[in-house]
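Take the sequence shown: its letter number 304 is residue 374 in this note's numbering, and every next letter is one higher.
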Amino acid sequence: MSRDSNITKIIGEENLKKLRATKCLLIGAGGIGSELLKDLILMEFGEIHLVDLDTIDLSNLNRQFLFRQRDIKQPKSTTAVKAVQGFNNSKLVPYEGNIMDTSQFPLHWFGEFDIIFNALDNLAARRYVNKMSQFLSIPLLESGTSGFDGYMQPIIPNETECFDCTKKETPKTFPVCTIRSTPSQPIHCIVWAKNFLFAQLFAADVAVNNDSENKDWGTTDEDEIKRIKQETNELQELQDIILSGDTTLIPNIIEKIFIHDIEKLLRIENLWKTRTRPTPLNSSQITTDLIDRNLDLSALWPIQDQIQKFSSITSKLMKRMKEEDNHIEFDKDDEDTLEFVSTAANIRSQIFNIPLKSVFDIKQIAGNIIPAIATTNAIIAGLSSLVSLRVLSLLDFAKITKPTDLNMVFTAKASNISQNRYLSNPTLAKPNCNCPVCSKVVRGVMNIQSDMFKHLKLKDLIITLSEKYNFDTEELSILDTTGQRLLSDFDFDSLDEKTLEEIKVLPGSVILVTDETEDNNGMGLKPLELYIESRKIDSRKTSDIELPDIKIPFVKMTTAEEEHNESSTQETPVLQTNEVITLDMDDNDKDIKKRKLSDESSEATQNKKSKQEEDDIEIIEEDDIIELD
């Protein structure tokens, strides 16, 4: 029996036609994303657009089944599409890029899709896609996994809870690509030292079979085979050194890991366009001193002590390998393995200009790493693809009368409901009335003529907004939510005479406009959030700014104390995709402070000197933009 006939039996011929005409966006081609792509194409979605900015790493191969060894260092999106393009006649469109890049993925591009599937691994990108979904009222299927835990949540804009309706725990996960190539936090280096370096050197089950004569390389391209062999041989060489027990070769390990590998990364210019370039160790820093010295585990050791300790502890572990059947497991209570991971992490931190940690601190963190489970990804991806049929109203026998009839899914452990069942499926809740994304603002799209950003001043925008929505210009405040920058309010007008281009209010920016006027009953206009696009405006219109026709309601204005109470709602765990490693802590939920754009005008500086002195503070960014995996 053909697959077509099975699908027809489930959803019917007419609904199959609708499914084949459906255009969907899948963001992320890692663990969940690979499974979802396979499911969606076998279900015969008509058009699937896949976005991922990452390349394939050796560590992906054990759980991202669309990739092979020959694909290492190739883009995930294009490689995944090539792997499934023969499954059926669905149109497949891959993109290599960051989904938050507004130049590559403007808002109107999102508007082309009927449904969005999220298979992302970081909070910033998930929040961003959630907001795009809310702007355009496009259904979003959110999903994530962490170890044996997983969840799937359909989000119907304006009808059900959005991703930000519940406060999320501080994210505790990081993608593999960040850990392997572009670390920016101590935790990235700790995970690299424990899950990659230690495992490669001392865990026998990751040894590479290098039988070149009989190996199927999957390609006849000699250069490609040469590249794959080089990567395979380098890993094998390090393992061979460890297994040989020859401690005189330890400097070779240090040189390979902390000099040559970093030099290779430096040759990938795209990685360092917006990042600080790492500094490899100097060969003069490599030591042959293998004496094991007792150092204070709660102190921060100088870098030379870190290198010497790394050498001596590697020597000890090499001797232990012979005594322990060529296999040593990491244990945070095993001082040798702990000191190896700690020194390796700190040397890498030094190279990437990251603060070092004491062995004591690293012990607390390294004990909390949870591995990814491929089966969990498959279960959650399957549920997401099946529920999409209900979201799209393609299951006649399971039709919904209202969006809140839809179900979300948690694993039993994640939801803490039952130990006797694996899945729980509560129905969706209505939007949280205190949600800053879907309930606290009125949302729309503002279009500005493309050549006018260098001519229009901020004050022109303020006047246009006030005329359109009857705002009080004296009580109006404008915040650039993209960079958490205060642009204008009743006692800060230094930027009003600057052009939108000068203050970096450009296509893709999102501004929050608030009229702080209140009546005697404490009522005021609901804040307005506008996404700025740059598209050609109808020549018959006289204004260079095109604002949406939105009726802004009067609402009860919230006091600072009420805002604080609302922000203290119960936290909900955020489960990440399988390409990440669950960790102990992060800083992503620290309070974000508003800032103004630095003003180089001396006149403006003099005009609002006191305001600048108050606002000149260090900005705590909400999230690093972390590459997807």
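For glycine and all other residues, C-beta sits at the position ideal for the given N, C-alpha and C.
query                                                                                                                                                                   : result
Can you list, in chain order, the residues of its chain with a C-beta nearer than 6 Å to that of N284? Leave out the 5 residues immediately preceding and following it. : Bear in mind that a pLDDT of 49 at N284, under 50, signals an unreliable position, so the model cannot answer this.
Out of S454, S547 and S520, which one is the CA nearest neighbour of R605?                                                                                              : S520
Within its chain, find whatever has a CB closer than 7 Å to the CB of D141; leave out the 5 residues flanking it on each side and keep chain order.                     : I126 and T149
Between L653 and P256, what straight-line distance do the alpha-carbon atoms span, to the nearest angstrom?                                                             : In this predicted model, L653 has a pLDDT of only 36, less than 50, meaning its place in the structure is not dependable enough to derive any value.
Report all residues from its chain with a CB closer than 6 Å to the CB of L459; omit the five preceding and five following residues, and keep chain order.              : L465
Please report the residue range of the alpha helix (DSSP H) in which G101 lies.                                                                                         : G101 to L112
Using the DSSP secondary-structure output, state which residues sit across from G220 in a beta bridge.                                                                  : T215
Span of the beta strand (DSSP E) holding G452?                                                                                                                          : Taken as a continuous stretch (DSSP letters only), G452 belongs to no beta strand (DSSP E), being part of the alpha helix (DSSP H) at A444 to V461.
So the candidates are L498, E588, I327 and D619; which of them puts its Cα closest to the Cα of Y221?                                                                   : L498
Identify the residues that DSSP records as bridge partners of C94: which are they?                                                                                      : I118 and I185
At the level of alpha carbons, what is the spacing between F218 and I102?                                                                                               : 13 Å
Sort out for me which residues DSSP pairs Y601 with in a bridge.                                                                                                        : V515 and V580
Can you tell which of I377, D310 and A369 has the C-alpha that lies nearest to the C-alpha of I324?                                                                     : I377
Would you mind working out which of S428, I443 and K538 sits nearest L365, comparing C-alpha positions?                                                                 : S428
Should C503 go down as buried or exposed, given a rule of 16 or more other Cβ atoms within 10 Å for buried?                                                             : exposed
So the candidates are V457, I533, S558 and E84; which of them puts its Cα closest to the Cα of L110?                                                                    : V457
Using C-beta distances below 7 Å, list every residue in its chain close to S75, excluding the 5 sequence neighbours before and after it, in chain order.                : none
Does the beta-carbon of G50 have 16 or more other beta-carbons within 10 angstroms, so that it is buried, or is it exposed?                                             : The structure shown has nothing for residue 50, since the chain only spans 71 to 699.
Hey, how far is the Cα of N658 from the Cα of T78?                                                                                                                      : With a pLDDT of only 36 at N658, under the threshold of 50, the placement of this residue in the model should not be trusted, and no figure is reported.
What does the alpha-carbon distance come out to for the pair R363 and R347?                                                                                             : 33 Å
Just to confirm, is the Cβ distance from V461 to P209 under 7 Å?                                                                                                        : yes
How far does the alpha helix (DSSP H) with L271 in it reach, from first residue to last?                                                                                : A269 to F272
Helix, strand or coil for V163? Go by DSSP, reduced to three states.                                                                                                    : strand
Put V575 into one of helix, strand or coil per three-state DSSP.                                                                                                        : coil
Helix, strand or coil for T527 per DSSP?                                                                                                                                : As written in the sequence, residue 527 is Lys, which differs from the Thr given in the question. Of the three classes helix, strand and coil, the one that applies to K527 here is strand, per DSSP.
Counting C-beta neighbours from all protein chains within 10 Å, is the total for T344 16 or more, i.e. buried, or is it exposed?                                        : exposed
Closest to I311 by C-alpha separation, out of Q374, P350, P253 and K389, would be which residue?                                                                        : K389
Could you check what DSSP says for P145 in three-state terms: helix, strand or coil?                                                                                    : strand
Quick one: measure Cβ to Cβ for F115 and S160, integer angstroms, because I've assumed they're closer than 8 Å.                                                         : 6 Å
Between the C-alpha atoms of A263 and M202, what's the straight-line distance to the nearest angstrom?                                                                  : 37 Å
Going by beta carbon distance, what residues of the same chain come within less than 7 Å of L335, once the five residues before and after it are set aside?             : S251, L341 and P348
Tell me which residue opens and which closes the beta strand (DSSP E) that L546 is part of.                                                                             : L546 to D550
Below 8 Å, how does it come out for the stretch 90-104 and the stretch 171-188: are there three or more Cβ pairs, yes or no?                                            : yes
Per the DSSP calculation, I615 is bridged to which residue(s)?                                                                                                          : I518
Give a yes or no on whether the C-beta atoms belonging to V411 and F268 are separated by under 7 Å.                                                                     : yes
Return the chain-ordered list of same chain residues with a C-beta closer than 8 Å to the C-beta of S353, the five sequence neighbours on each side being excluded.     : E325 and I329
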